[in-house]
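First up is the structure itself, then whatever we jot down about it.
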Amino acid sequence: MSTSVIVTRKLPEQVEERMRQLFDVKLNADDRPMTQAELVEAVRHARVLVPTITDRIDAAVLQQAGPNLGLIANYGNGTDNIDVDAAAARKILVTNTPGVLTEDTADMTMAMILALPRRIVEGTKIIEEGGFGGWAPTWMMGNRVWGKRIGIVGMGRIGAAVAKRAKAFGMSVHYHNRRPAAPAIAEPLGATYWASLDQMLARMDFVSIHCPQTPATFHLLSGRRLALMKPEAMVINLARGDIVDEDALIKLIEEGKLAGAGLDVFTNEPAINPRLIKLAKAGKALLLPHMGSSTREGRIDMGDKVVINIRVFMDGHRPPDLVLSQPPVHRPLSA
């Protein structure tokens, strides 16, 4: 027998309750990530699969999908965990949840931009460990954010939202994109467009990454490009770990050729490179456990989008957040 909807991870209670009301749904009460074998079993029986970004729905899984599987309604903004082309080859639709996490991710990005140079986490630890002996003129000096240049890599919804926040804190906004942003976005920000990523990197105090993960953006910030940055510059990444050459980033910080990094995503997530942990303890890195978009409101909004996509699909119509296979080939953000 097929189940209408199978959900791979525990979702917010409000979302699960709505799914119970609307669908014949199998939920994941204990929130244990499914193994690949369990994902195969799910696609064999589901009419709709609701995976998350931690579930790898590759061609090998999809080859074993049952005849009833018609929709993969991803609970996530991206779809890099799903082989969209392999799904399309089997006439399986794929949807995602775009647009609902923009402000939450931008808030966390700005929090990291403020916290890292001002040594906020270090200061908190000193208080917790009883190491505060009183104010002194040279005690816990950090670096100013106001007046600094921020270079945004990827001026989409999140990149533009970060730019607005950075401008409000007195930063000079710069960005690199495949093409210039619309005047209605760039002009109010006084944002400077750089066609060359290399040239922008060499002049920024902060570089914040907001492009999607694609084959073209793998190690977009390569060791060569990171070495172009000023020694006092900092890298902020809340996009995907593989966009940055993590080993090269670590080496440059260890050698004092970069000032630090704020990372919410990692190359081998959830495993964290021990060298990054060491840098964090030394105040050279601020590390978060992939929580940049994690707000109650955002997670519920994501669930609402998933529910709408499923309902529209079940009614025989085109889901509003359909992801098309075989997208046009774009040149990388920077050659």
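Residues 7 to 341, numbered by the numbering used here, are exactly what the sequence shown covers, in order.
Cβ atoms here follow ideal geometry from the backbone N, Cα and C, with glycine treated the same way.
A quick note: this is a predicted structure, and the numbers were derived from the prediction, not measured.
Residue environment for histidine 323: exposed (fewer than 16 other C-beta atoms within 10 angstroms of its C-beta). In the three-state scheme derived from DSSP, where H, G and I count as helix and E and B as strand, isoleucine 78 is classed as strand. Within the stretch 277-301, complete alpha helix (DSSP H) segments of at least 4 residues are found at 280-287, given in chain order. Residue nearest to leucine 28 within the set Pro325, Pro326, Met320 is Met320 (criterion: CA-CA distance).
Counting C-beta pairs closer than 8 Å gives three or more between the stretch 199-217 and the stretch 163-177, which meets the contact rule. Valine 271 places its beta carbon 8 Å or farther from that of asparagine 315.
For the pair valine 49 and valine 21, the CB atoms are not nearer than the 8 Å cut-off. Short of 6 Å from the beta carbon of valine 250, and not among the five residues preceding or following it, lie these beta carbons of its own chain, in chain order: Leu227, Asn243. In the structure shown, threonine 198 adopts extended strand secondary structure according to DSSP, grouped into three states. Tyrosine 181 is not a Cβ neighbour of tryptophan 152, given a cutoff of 8 Å. Listed as beta-bridge partners of methionine 240 by DSSP are Phe212, Gly266. Of the candidates Leu195, Arg185, Arg155, Gly160, the residue whose Cα lies closest to the Cα of methionine 177 is Arg155. Pairing leucine 195 with phenylalanine 212, the inter-Cα distance amounts to about 17 Å.
The C-alpha of aspartate 248 is placed about 11 Å away from the C-alpha of aspartate 86. Of the other Cβ atoms in all chains shown, fewer than 16 fall within 10 Å of the Cβ of lysine 131; this residue is therefore exposed.
For the 8 Å CB-CB criterion, asparagine 80 and proline 57 form a contact. With respect to glycine 262, methionine 240 sits apart: the two C-beta atoms are not nearer than 8 Å.
When C-beta atoms of the stretch 10-19 are compared with those of the stretch 29-40, three or more pairs fall below 8 Å, so the two segments count as touching. Under the 10 Å beta carbon count, proline 73 is surrounded by fewer than 16 other beta carbons and is classified as exposed.
Contact annotation: threonine 111 and glycine 298 have beta-carbon atoms nearer than 8 Å.
DSSP links histidine 182 through a beta bridge to Val159.
Sixteen is the threshold: since fewer than 16 other Cβ atoms of the shown chains lie within 10 Å of the Cβ of alanine 288, the residue is exposed.
In this structure, DSSP gives isoleucine 63 an extended state, which the three-state scheme calls strand. As the crow flies, the alpha-carbon of histidine 296 is around 23 Å from that of isoleucine 78. Looking at the DSSP output, valine 250 bridges to Leu227. According to DSSP, residue pairing for lysine 32 in a beta bridge involves Ile12. In the assembly as shown, glycine 309 is a buried residue. Its beta-carbon has 16 or more other beta-carbons within 10 Å. For a cut-off of 8 Å, the C-beta gap from alanine 197 to alanine 187 is around 7 Å, short enough to register as a contact.
Nearest Cα to glutamate 109 within the set Pro221, Leu264, Val168: Val168.
In this structure, Gly157 is the residue among Phe175, Val46, Gly157, Ala222 with its C-alpha nearest to the C-alpha of glutamine 205. Cβ atoms of methionine 146 and arginine 171 stay farther apart than 8 Å, at about 24 Å.
Note that the C-beta distance between alanine 286 and leucine 294 is not below 8 Å.
For asparagine 183, the closest C-alpha among the options Lys173, Asn279, Gly160, Ala71 is that of Gly160. With respect to the 8 Å criterion, lysine 311 and valine 106 are classified as neighbours on the basis of their beta carbons. In the three-state scheme derived from DSSP, where H, G and I count as helix and E and B as strand, threonine 111 is classed as helix.
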